Amino acid sequence: MDAPLIIAVPSKGRLKEQVEAWLADCALKLEAEGGARGYMASLKGLEGAQVRLLSAGDIAEAIDAGEAHLGVTGEDLMRERPGDLAARALLLRPLGFGRADLVVATPKSWLDVETMGDLEEVAHDILARTGRRMRVATKYILQTRAFFARHGLVDYRIVESGGATEGAPAAGAAELVVDITTTGATLEANGLKVLDDGVILRSQAHLAASLRADWTDAHLQVTETLLRRVEARANARASATLTWPEVEIGPAVQGVIDGLMSSGASRRPNGLLAPAGVVAEAGQALSAAGLGPITAAQPDFVFETASPGMDLLRSILAKN
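Counting with this note's numbering, you get residues 113 to 432 for the letters of the sequence shown.
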């Protein structure tokens, strides 16, 4: 029996709930094995896959090491792993949840510090006055160093944060922080502000594929089944169908149909598949041209002949 495709998903918390809801929306039910506290699961509706329940950080590590073929975790965690991300993993799809920004935040009392350029002046001043470099508390060392380097900031040192990073300035452990925030409320509560140009990464949960895993044809087939389902659901959420009775299409109506197709709609028997955002206007335009009644509905899935995500994954794996 072939080894299953390994998919790693979060084991707890809000992100786990969001992943389960996303899978359910794609008609895939996550079923834990060994009870609610088990660390293995299966996906009902996807044969040949085994799900491992891990922390978000462990998922990034498992994808990096090739211990999981696919995983759902934050982009921030994937990019914090050492080495070139493009050589380790492929971010197949952003999922629209698990959003968080990685930011540079300074004390609000630094009234004249609004940008990274201002921060460079502060770093020089601290070094001149104290003989030591400005301290930056963070868990995101690699991304901090890369971002600071892009801004030409060198007079600083990183203080690795093992606890609540945002509390480091108030505790006297650092002058500023680089940390993840969703609403900014925690930074605000600790007297911190985000620099105007201090957003390092706007992160969200991604479906990622390991480029270091042992991929077989069977694994790729299961992955394609999953990706086509996910892509079809995303297509459906962005689309709507317009249908009408079987009638002869006159020049005026055909002109409206041609205009809609040039704007992204595609023809269907006795209807159109159109972007969801224009369906009301499209229906009104068709009815005004004399066609009707027009019925608008949103499909559950829209399966295309090609799978962009799968095509890209196959192409990259073929080169490795």
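For glycine and all other residues, C-beta sits at the position ideal for the given N, C-alpha and C. All values reported here derive from a predicted model rather than from experimental measurement.
Among all the DSSP beta bridges, which residues are the ones paired with Leu-202? Within the sequence shown, numbered from 1, the residue matching residue 202 stands at position 90. Paired residues: Ala-321.
Taking the alpha-carbon positions, what's the Gly-303 to Ile-292 distance? Counting from 1 along the sequence shown, the entry for residue 303 is found at position 191. Counting from 1 along the sequence shown, the entry for residue 292 is found at position 180. Straight-line Cα distance between these residues: approximately 16 Å.
Reference Glu-360, options Ala-401, Ser-315, Glu-287, Thr-277, closest by Cα: Residue 360 sits at position 248 when you count from the first residue of the sequence shown. If we check each option's Cα against that of Glu-360, Ala-401 comes out closest.
Mark Asp-275 as exposed unless 16 or more other C-beta atoms lie within 10 angstroms of its C-beta, in which case mark it buried. To locate residue 275, count along the sequence shown from 1; it is residue 163. Looking at the sequence provided, one finds Gly at residue 275 rather than Asp. So Gly-275 counts as exposed.
I need the straight-line Cα distance from Arg-126 to Val-215, nearest angstrom please. Sequence index remark: in the sequence shown, residue 126 carries index 14 (1-based). Sequence index remark: in the sequence shown, residue 215 carries index 103 (1-based). Cα-Cα distance, rounded: 21 Å.
Between the CA atoms of Arg-349 and Pro-357 - distance to the nearest angstrom: Looking up residue 357 in the sequence shown gives position 245. Looking up residue 349 in the sequence shown gives position 237. Cα to Cα, the separation comes out at about 25 Å.
Please list, in chain order, all residues of the same chain as Ser-419 whose beta carbon is under 7 Å from its beta carbon, the five residues on each side excluded. The count along the sequence shown starts at 1 and reaches residue 419 at position 307. So the list reads Glu-336, Leu-339, Arg-340, Glu-343, once near-sequence residues are dropped.
Taking the alpha carbon of Ala-285 as the point to measure from, which residue in Ala-297, Thr-294, Glu-272 has its own alpha carbon closest? Here the question's residue 285 lines up with position 173 in the sequence shown. It is Glu-272 whose Cα lies nearest to the Cα of Ala-285.
Alpha carbon to alpha carbon, what distance is there between Asp-170 and Ala-394? Against the sequence shown, residue 394 aligns to sequence position 282. Against the sequence shown, residue 170 aligns to sequence position 58. Cα to Cα, the separation comes out at about 47 Å.
With 16 other CB atoms within 10 Å as the buried threshold, where does Tyr-252 fall? Reading the sequence shown from its first residue, position 140 is the one you call residue 252. Under this definition Tyr-252 is a buried residue.
N- and C-terminal bounds of the beta strand (DSSP E) containing Leu-158: One-based indexing of the sequence shown puts residue 158 at position 46. Premise fails: Leu-158 is in no beta strand (DSSP E) and is neither H nor E.
How close, in whole Å, do the beta carbons of Ala-346 and Val-184 come, if the pair is a contact with beta carbons under 8 Å? One-based indexing of the sequence shown puts residue 346 at position 234. One-based indexing of the sequence shown puts residue 184 at position 72. Rounded, the Cβ-Cβ distance is 15 Å, inconsistent with contact.
Using a Cβ cut-off of 9 Å (strictly closer), state whether Thr-298 contacts chain C. Among the chains of the structure shown, chain C does not appear; only one protein chain is present.
Mapping the DSSP letters down to three states, classify Ser-399 as helix, strand or coil. If you number the sequence shown from 1, residue 399 lands on position 287. Helix, per DSSP.
Assign Ala-235 to buried or exposed, taking buried as 16 or more other Cβ atoms, counted over all protein chains shown, within 10 Å of its Cβ. The residue given as residue 235 occupies position 123 in the sequence shown. Buried, by the Cβ-count rule.
Report the CB separation of Leu-117 from His-181 in whole angstroms; it is logged as a contact under 8 Å. Within the sequence shown, numbered from 1, the residue matching residue 117 stands at position 5. Within the sequence shown, numbered from 1, the residue matching residue 181 stands at position 69. The pair is a contact, with the Cβ atoms about 5 Å apart (cut-off 8 Å).
In chain order, what residues of the same chain lie with their CB nearer than 6 Å to the CB of Thr-407, ignoring the 5 residues before and after it? Counting from 1 along the sequence shown, the entry for residue 407 is found at position 295. Within the same chain, Thr-407 has close Cβ partners Thr-355.
Would you call the segment 172 to 179 in contact with the segment 189 to 202, where contact means no fewer than 3 C-beta pairs closer than 8 Å? yes
Specify the secondary structure class of Glu-129 as computed by DSSP and reduced to three states. Start at 1 with the first residue of the sequence shown, and residue 129 comes out as number 17. Glu-129 falls in the helix class under three-state DSSP.
Going along the chain, which residues of its own chain have a beta-carbon closer than 7 Å to the beta-carbon of Thr-256, five neighbours each way excluded? Stepping through the sequence shown from its first residue, residue 256 is reached at position 144. Excluding positions up to five away in sequence, the list reads Val-248, Thr-250, Ile-270, Val-290.
Can you give me the C-alpha to C-alpha distance between Ala-430 and Pro-122, rounded to a whole angstrom? Within the sequence shown, residue 430 is the residue found at index 318, counting from 1. Within the sequence shown, residue 122 is the residue found at index 10, counting from 1. Cα to Cα, Ala-430 sits roughly 29 Å from Pro-122.
Quick check on the DSSP output: the alpha helix (DSSP H) that includes Leu-239 runs from which residue to which? As a first step, residue 239 must be located in the sequence shown, where it is residue number 127. Counting along the chain, the alpha helix (DSSP H) containing Leu-239 begins and ends at 228 to 242.
Quick check: what's the CA-CA separation for Phe-413 versus Leu-319? As a working note, residue 413 is residue 301 in the sequence shown. As a working note, residue 319 is residue 207 in the sequence shown. Roughly 19 Å separates the two Cα atoms.
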